[in-house]
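>
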Amino acid sequence: MARVAKLVYYPVKGCAGTSVETADVTPAGLRFDRAWMVVSPEGEFRSQRKHPVMASIRAEVLDDGARLRLAAPGVEDLLVEVVQDGPRHPAATFTWQGKGVHQGDEAAEWFSDVLGLPSVFVGLAPEHERVTNGEISGTAAFADAHAILLTSESSLDGLNERIASRGAEAVPMDRFRPNIVVAGWPEPHREDEVRSITVGGLELGYAKVCIRCTVPMVDQETGKKAGPEPIRSLADYRREPEGGVSFGIKMAVTGPGQLAVGDEVIVHSWAGPSRSTAAAEPPLTATASRPAESV
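Numbered according to the numbering used here, the sequence shown terminates at residue 374, and the numbering increases by one at each position without gaps.
#1: Taking the straight line between their C-alpha atoms, what separation do you get for residue 152 and residue 198?
#2: Establish whether the CB of residue 226 and some CB of chain B are separated by less than 8 angstroms.
#3: May I ask you to report which of helix, strand or coil DSSP gives residue 276?
#4: Give the straight-line distance between the Cα atoms of residue 108 and residue 245, rounded to the nearest whole angstrom.
#5: Please go through the same chain and pick out, in chain order, the residues whose beta-carbon is closer than 6 angstroms to the beta-carbon of residue 137, but skip the five residues on each side of it.
#6: Going along the chain, which unbroken runs of the alpha helix (DSSP H) with 4 or more residues stay wholly within the region 284-342?
#7: Considering only DSSP beta bridges, list what residue 158 is partnered with.
#8: From residue 272 to residue 111, what does the alpha carbon distance come to, in whole angstroms?
#9: Report the partner residues of residue 168 according to the DSSP bridge assignment.
#10: For residue 86, tell me which candidate among 278, 203, 241, 182 has the shortest Cα-Cα distance.
#11: Quick one: what's got a C-beta closer than 6 angstroms to residue 220's C-beta in the same chain, skipping five residues either side?
#12: Rounded to whole angstroms, what is the Cα-Cα separation between residue 230 and residue 105?
#13: Output needed for residue 337: all residues of its chain with C-beta closer than 6 angstroms, excluding positions within five of it in sequence on either side, in chain order.
#14: To the nearest angstrom, how far is the alpha carbon of residue 321 from that of residue 213?
#15: Would you call residue 287 buried or exposed, if buried means 16 or more other Cβ atoms sit within 10 Å of its Cβ?
#16: Where does the unbroken beta strand (DSSP E) through residue 426 begin, and where does it stop?
#17: Which term fits residue 251, buried or exposed, when burial requires 16 or more other beta carbons within 10 angstroms of its beta carbon?
#18: What's the C-alpha gap between residue 350 and residue 269?
#19: Is residue 120 helix, strand or coil by DSSP?
#20: Name, in chain order, the residues that DSSP records as bridge partners for residue 262.
#21: Just to confirm the assignment, what range does the alpha helix (DSSP H) spanning residue 232 have?
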């Protein structure tokens with residue numbers, strides 16, 4: 080029987096996650112997931128791809144989202160009074176361009192100091208609207224492209240067996256920054272074939288596989304690059320026809336609700352097997368045409 084093994088939300092896009100036992104899930108994903116974002120003065124989002132130190136930045140949501148406590152190594156914590164509706168600032172992800180609510184100069188200066196370059200801290204605007212793509216469309220906050228990233232323990236186990244066969248160290252699940260981790264599927268990457276599920280009081284529909292960028296090569300505890308794994312081993316057997324390597328699936332919220340660790344994952348529809356897990360492709364190259372996502 081497949082069950083939820085772990086739930087994680089990431090208050091600030093690109094920064095550390097928060098594990099929870101229960102979660103309210105809105106049409107845009109777990110509540111407070113990617114509800115805030117660090118951007119350049121022009122509005123481009125900051126990512127671990129260029130700034131791996133972001134993995135070590137932790138945001139604690141306080142007072143039901145009225146305040147945030149920001150922490151990072153080597154600097155004093157900052158308590159931010161969240162601005163729900165204030166001056167707007169340009170904000171953009173891979174697939175969306177809009178505006179967020181400026182969270183004040185003090186927060187902007189704090190992130191600028193931690194990252195070593197001018198930055199602005201923004202939150203979701205009340206008028207935020209966004210339509211995500213894929214087999215089933217939905218909406219999202221400041222996530223790259225979709226509301227939910229789902230992975231499975233068996234997929235990580237299979238990958239780590241391949242990594243071990245190279246004499247390299249296994250990687251933890253946090254390298255892939257999932258929202259929902261499923262235990263109980265016997266085969267690796269069974270999630271690829273999921274098309275609709277119910278879990279707790281939540282309904283989810285498949286959007287697309289998740290194409291991975293360089294972020295899984297960042298140690299999420301230290302905020303330092305630690306590659307080439309797991310991307311090197313994924314490139315042996317998880318290359319997608321349109322380019323890039325995949326791990327996990329992106330899902331749209333088709334029925335908001337609550338879920339908890341231990342909830343049964345009920346699959347209502349499956350797709351047919353789409354790939355062999357045998358190594359059949361050359362190593363990943365920088366010329367892959369399909370855009371990778373930084374989650």
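Note that beta-carbon positions come from the ideal geometry of N, C-alpha and C, so glycine has one too.
By the coordinates alone:
#1: 18 angstroms
#2: The structure shown has no chain B; it contains just one protein chain.
#3: strand
#4: 37 angstroms
#5: 95, 150
#6: 310-316
#7: 148
#8: 28 angstroms
#9: 179
#10: 278
#11: 107, 113, 114, 203
#12: 19 angstroms
#13: 103, 279, 280
#14: 14 angstroms
#15: buried
#16: The structure shown has nothing for residue 426, since the chain only spans 80 to 374.
#17: exposed
#18: 10 angstroms
#19: coil
#20: 82
#21: 232-244
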